[in-house]
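These protein sequences, in sequence, are chains P and D. For what it's worth, the working numbering labels the leading residue of the first sequence as 1, then goes sequentially. For what it's worth, the working numbering labels the leading residue of the second sequence as 1, then goes sequentially. A virtual CB, placed ideally from N, CA and C, is assigned to each residue, including glycine.
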Amino acid sequence: MSVLRVAFPYLLFASLVLLVVIDRRSGGNEVRADGGAVLAAPSAAGGPRTGRDPICAMDVGDRLTAVHGGERWFFCSEKCRETFLAAPARYTAASCLVCRVDEERRTPVAAGSPALTWQGTTYLFCGPAHRDRFAADPAGYFVHSMWGLPPWLYAVSVALVLVLSFGLFEIVARRDRGGEPRPARIDLFQIPGLRRLLRHPATRPLGQLALAAVFVLIVLAGLYGDQLPSRNVAPLLTWTIWWGGLVVLILFAGKAWCYVCPWDAIAGWIEKVGLGRRRSGLSLGLSWPRRLRNIWLATGFFVFLTWLELGFGVTMNPRATAVVALGMLTLALVTVLVFERRAFCRYACLVGRVSGLYALFAAAEVRPVDPGRCRACATKDCYGGNERGEPCPTGLFPAALTENTYCINCLECVKTCPEANMTVRIRPWGGDLAGEGRPRKDEAYLALLMLSITGFHGLTMTAAWRDAREWIEDALHLPYVPAFTLGMAAIMLGPLLIYAALVKAAVLLSRTREVGYGKAFVRFAYCVLPIALFYHLAHNLEHLLMEGQKVIPILSNPFGFAPGERWSVLGITGTGPWNLFGTAAWSLPPLIDLPTLWLLQVLLVLVGHVYSLWIADRTARRLYPRRGDAFRSQLPMLAGMVLFSIFSLWLLKQPMEMRTSAM
Amino acid sequence: MSTRARARILPALAALALFAARPAAHHILGIPHYAYDEAYPQAPVITYSVAAGPYVVEVTGYPGRPRPGERAEVRAYVHRAADASDVFAGPISARIEKDALLGPEVAWGPAPTRFDENLHKISPTFAEEGTYRIRLEMELEGQPYEIDFPIAVGDPGSPTAALLGWGAGIVMLLVAVRAARIKIGRARARAA
Numbered sequence: 001m002s003v004l005r006v007a008f009p010y011l012l013f014a015s016l017v018l019l020v021v022i023d024r025r026s027g028g029n030e031v032r033a034d035g036g037a038v039l040a041a042p043s044a045a046g047g048p049r050t051g052r053d054p055i056c057a058m059d060v061g062d063r064l065t066a067v068h069g070g071e072r073w074f075f076c077s078e079k080c081r082e083t084f085l086a087a088p089a090r091y092t093a094a095s096c097l098v099c100r101v102d103e104e105r106r107t108p109v110a111a112g113s114p115a116l117t118w119q120g121t122t123y124l125f126c127g128p129a130h131r132d133r134f135a136a137d138p139a140g141y142f143v144h145s146m147w148g149l150p151p152w153l154y155a156v157s158v159a160l161v162l163v164l165s166f167g168l169f170e171i172v173a174r175r176d177r178g179g180e181p182r183p184a185r186i187d188l189f190q191i192p193g194l195r196r197l198l199r200h201p202a203t204r205p206l207g208q209l210a211l212a213a214v215f216v217l218i219v220l221a222g223l224y225g226d227q228l229p230s231r232n233v234a235p236l237l238t239w240t241i242w243w244g245g246l247v248v249l250i251l252f253a254g255k256a257w258c259y260v261c262p263w264d265a266i267a268g269w270i271e272k273v274g275l276g277r278r279r280s281g282l283s284l285g286l287s288w289p290r291r292l293r294n295i296w297l298a299t300g301f302f303v304f305l306t307w308l309e310l311g312f313g314v315t316m317n318p319r320a321t322a323v324v325a326l327g328m329l330t331l332a333l334v335t336v337l338v339f340e341r342r343a344f345c346r347y348a349c350l351v352g353r354v355s356g357l358y359a360l361f362a363a364a365e366v367r368p369v370d371p372g373r374c375r376a377c378a379t380k381d382c383y384g385g386n387e388r389g390e391p392c393p394t395g396l397f398p399a400a401l402t403e404n405t406y407c408i409n410c411l412e413c414v415k416t417c418p419e420a421n422m423t424v425r426i427r428p429w430g431g432d433l434a435g436e437g438r439p440r441k442d443e444a445y446l447a448l449l450m451l452s453i454t455g456f457h458g459l460t461m462t463a464a465w466r467d468a469r470e471w472i473e474d475a476l477h478l479p480y481v482p483a484f485t486l487g488m489a490a491i492m493l494g495p496l497l498i499y500a501a502l503v504k505a506a507v508l509l510s511r512t513r514e515v516g517y518g519k520a521f522v523r524f525a526y527c528v529l530p531i532a533l534f535y536h537l538a539h540n541l542e543h544l545l546m547e548g549q550k551v552i553p554i555l556s557n558p559f560g561f562a563p564g565e566r567w568s569v570l571g572i573t574g575t576g577p578w579n580l581f582g583t584a585a586w587s588l589p590p591l592i593d594l595p596t597l598w599l600l601q602v603l604l605v606l607v608g609h610v611y612s613l614w615i616a617d618r619t620a621r622r623l624y625p626r627r628g629d630a631f632r633s634q635l636p637m638l639a640g641m642v643l644f645s646i647f648s649l650w651l652l653k654q655p656m657e658m659r660t661s662a663m
Numbered sequence: 001m002s003t004r005a006r007a008r009i010l011p012a013l014a015a016l017a018l019f020a021a022r023p024a025a026h027h028i029l030g031i032p033h034y035a036y037d038e039a040y041p042q043a044p045v046i047t048y049s050v051a052a053g054p055y056v057v058e059v060t061g062y063p064g065r066p067r068p069g070e071r072a073e074v075r076a077y078v079h080r081a082a083d084a085s086d087v088f089a090g091p092i093s094a095r096i097e098k099d100a101l102l103g104p105e106v107a108w109g110p111a112p113t114r115f116d117e118n119l120h121k122i123s124p125t126f127a128e129e130g131t132y133r134i135r136l137e138m139e140l141e142g143q144p145y146e147i148d149f150p151i152a153v154g155d156p157g158s159p160t161a162a163l164l165g166w167g168a169g170i171v172m173l174l175v176a177v178r179a180a181r182i183k184i185g186r187a188r189a190r191a192a
């Protein structure tokens, strides 16, 4: 059973990959009209295998196509195809871009209509007002519509949430004795040569060097490349591949990102060789201020970045993406030059702290093999370092490590341990969350904020958010930025207040005064992490699988230089376009079709829901030793989990205007 | 004058003549400025044309990309689409907004334009490098119109200066940290 728990994440992942592969290989290219007549058998025609859906503007493969006016049209889903076939003329004629995106209607335009040329393409508008609206934020109009979960799938998934919550889960919970989880772990250093590889002094720098090169590419492409997000590699690599892939990486490899993080690497290199001080480094080595020895600063950065990202469209702006990347490097560098060890990683890095909390759930950990040997160790080199490796960069005592949160997986302790007693292990999901842990108020608030922010992130792509923001603008006579800020604050506070009320109810229902409100608030907050994590993954899977494949053509021309364009990067000049790998003209369909994607999203939300319930159950049993108290305290939490999961599913059900980092 | 001397002086005089003639050859007086780009394609003029109801609004700016502190001449020629001689002579209000991180900032105006020789004129001076929008507000046949025209001042698109500035800042930080380290080291040595 314990091996099965360790293997579950990999079995699930393998099933998802298999589903994608089957989806790619399945038939269904032939499209039939309602009467059964074949409209198109696309592959046989030998034409292009991909095209742009005229309804939602998504680039898609040839699984669903139709022929109209002698031309083949491509669709992401039956819904788009049916919409098109009902009135094809509406979609084949040129129409005002602003009407289409902002008002969801088609206004035909003809030659002589107000026009604006942007990024080499001329767009026509129904009038000057719409032309000007486009001119104010052209990149914002290059979004594509994603139809949310179909109503039947939404209804089925909600029913499954309820069944899992009140039926199946209760059976599983009764069988769980509630003790500490059995140490189901597999030591990866049993793999021959792995320990030696990871202890080698060149292994980590090589990984960091590769990521640093990607970082430099993102910065240069963002600053000097074409500012249309569909042509520039910076938004795609940053917000689709990295940010989406990071969640997958955390799930399986914990804080592995920190092992190769380019911000830490470049800052460390500059500190080491800065002004010739190779031996001892240049850092002043001051102590991090006592008042800031928490993660409030990183939480603030996280909220600020979300505000920038969603309020100002950083994800669709290559130059802003580069500036954010450089800003992070500057913060890392200043911190490493002024303070001791890696204070930035431990206290201020928003990526490190967010991934740190998620990593409590991760299926990997760095831990001592035998804690008894560590207790007997006289040198404590894992903390202080030795000639084989550096001191623990985040000031942890690795020998006593019980949680992933602040470990940055640098593996210096693996190098420095004289007893070869530190190792890397894989474990079941939720390993740290199911254990006793060391709950902290700042971490609890960040966990709740992550739930709010992941939800808010999805919400901003829906029409509901646009309506709400416009209502705030009209009702309070506020311009865009204050209205957005107010709306964001309100929506982020919502889950916090709901959670606070649920905890209050849990404390009252438990009928015991042994556990106060504050303690219960902090302890239960960690239970929402799986819901946030798996919704985050479900949402980003859409970006990753629908857009991620476009990295192949874009990497061939990462700056997006147009044919014949004279380019200049840091004084080096030439003429575009580039075709570094010969793939610049490739047109690749998404890695998955929408119906299969919806199934994956529902599956992931359900998995997150079950894990949250399981962790809430264990937390309640730990807080309240009497079974009756624990059971009653769980009821409000159960209601909360159901509410949050149904909200996640509702978000996935909404049609969304997705960014076009690679459209 | 010897042939040799003549051979030396004549090219010099010719060069002087060319040099002296340069401003005259590129003079802009006497030509409607909205025709600069047609008559003198080398002149940096920016032009826009949009339809506003039955009218067409044509805007030209000289120079097309002014430098910070340089006065720009912006002219709007508003006429019926069907008849270019039927000019709109009503009031037009102009405002210039600078694109900023937290939304547009008003950099000039609002102020009424001067109507002169069938043209609505403003002469703003842009203090800072950046991207701006010139907004013209007018009422055409009872219908209000707000029309924006983008204009760039200086070279805000080039990131090299910003990147070099960032690099210089990092070097200054390294120097400051090094100096602080030396100072701390000396203080410790004195104390010991």
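| Item | Value |
| --- | --- |
| CB-CB length for P/His714 against P/Ser645, believed under 8 Å | Any answer about residue 714 of chain P is impossible in this case: the structure gives chain P only from 1 up to 663. |
| Rounded C-alpha distance that separates P/Thr460 from P/Glu542 | 15 Å |
| Exposed unless 16 or more other CB atoms sit within 10 angstroms - verdict on P/Leu580 | exposed |
| Exposed unless 16 or more other CB atoms sit within 10 angstroms - verdict on P/Ser452 | buried |
| CB contact below 7 Å: D/Arg186 versus chain P | no |
| P/Phe581 (DSSP reduced to helix, strand or coil) | coil |
| Assigned exposure category for D/Val59 - 16 Cβ within 10 Å defines buried | buried |
| Sequence-distant residues of its chain with Cβ nearer than 7 Å to P/Val158 (five each side left out) | Ile646, Leu649 |
| Contacts of P/Leu396 in chain D (Cβ-Cβ under 7 Å) | Under the 7 Å cutoff, chain D gives no residues; its nearest Cβ is about 25 Å from P/Leu396. |
| Proximity test, Cβ basis, 7 Å: P/Ala320 and chain D | no |
| Boundaries (first-last residue) of the alpha helix (DSSP H) holding P/Leu493 | 480-510 |
| P/Asp226, buried or exposed, once every other Cβ within 10 Å from all chains shown has been counted against 16 | buried |
| Beta-carbon gap between P/Phe361 and P/Leu529 smaller than 7 Å | yes |
| Contact with chain P by D/Ile96, beta-carbon distance below 7 Å | no |
| Spatial neighbours of P/Ala253 in its chain, beta-carbon cut-off 6 Å, leaving aside the 5 residues before and after | Ala364 |
| Option in P/Glu71, P/Leu411, P/Pro418, P/Arg425 with minimal Cα separation from P/Leu197 | P/Leu411 |
| Beta-carbon spacing of P/Pro655, P/Ser145 below 7 Å | yes |
| Classification of P/Ile524 by the beta-carbon crowding that lies within 10 angstroms, buried from 16 upward | The sequence given here places Phe at residue 524 of chain P; Ile does not occur at that position. The residue in question, P/Phe524, is buried, as its Cβ has 16 or more Cβ neighbours within 10 Å. |
| CB contact check: P/Ala213 to chain D, cutoff 7 Å | no |
| Candidates D/Arg186, D/Ala191, D/Glu129, D/Ala76, of which the one nearest D/Arg67 by Cα | D/Glu129 |
| Straight-line Cα distance separating P/Thr306 from P/Ala725 | Outside the displayed span of chain P (1 to 663) sits residue 725 of chain P, for which this structure offers no information. |
| Residue burial classification, P/Phe456 (beta-carbon count within 10 angstroms, cutoff 16) | buried |
| Chain D within 7 Å of P/Asp474, Cβ atoms only | no |
| Min CB distance D/Pro159 to chain P below 7 Å | yes |
| Span separating the alpha-carbon of P/Leu228 from that of P/Phe301 | 27 Å |
| CB contact below 7 Å: P/Leu284 versus chain D | yes |
| Every unbroken beta strand (DSSP E) inside the stretch 52-107 of chain P [3 residues or more] | 64-68, 71-75 |
| Stretch-stretch touch, CB-based, cutoff 8 Å, three pairs: the stretch 238-246 of chain P with the stretch 543-557 of chain P | yes |
| P/Phe125 to P/Thr107 span [Cα, whole Å] | 9 Å |
| Start-end ranges of the beta strand (DSSP E) lying completely within the stretch 67-103 of chain D, minimum 3 residues | 73-80, 92-98 |
| Reduced DSSP category for P/Asn540 - H, G, I as helix; E, B as strand; rest coil | helix |
| Nearest residue (CA-CA) to P/Ala343, options P/Cys407, P/Asp132, P/Ala400 | P/Cys407 |
| Under 7 Å between C-beta atoms of P/Arg469 and P/Pro393 | no |
| Secondary structure of D/His120, DSSP reduced to three states | strand |
| Backbone CA spacing between P/Pro563 and P/Ile218 [nearest angstrom] | 21 Å |
| P/His477 burial status per 10 Å Cβ neighbour count (16 or more: buried) | exposed |
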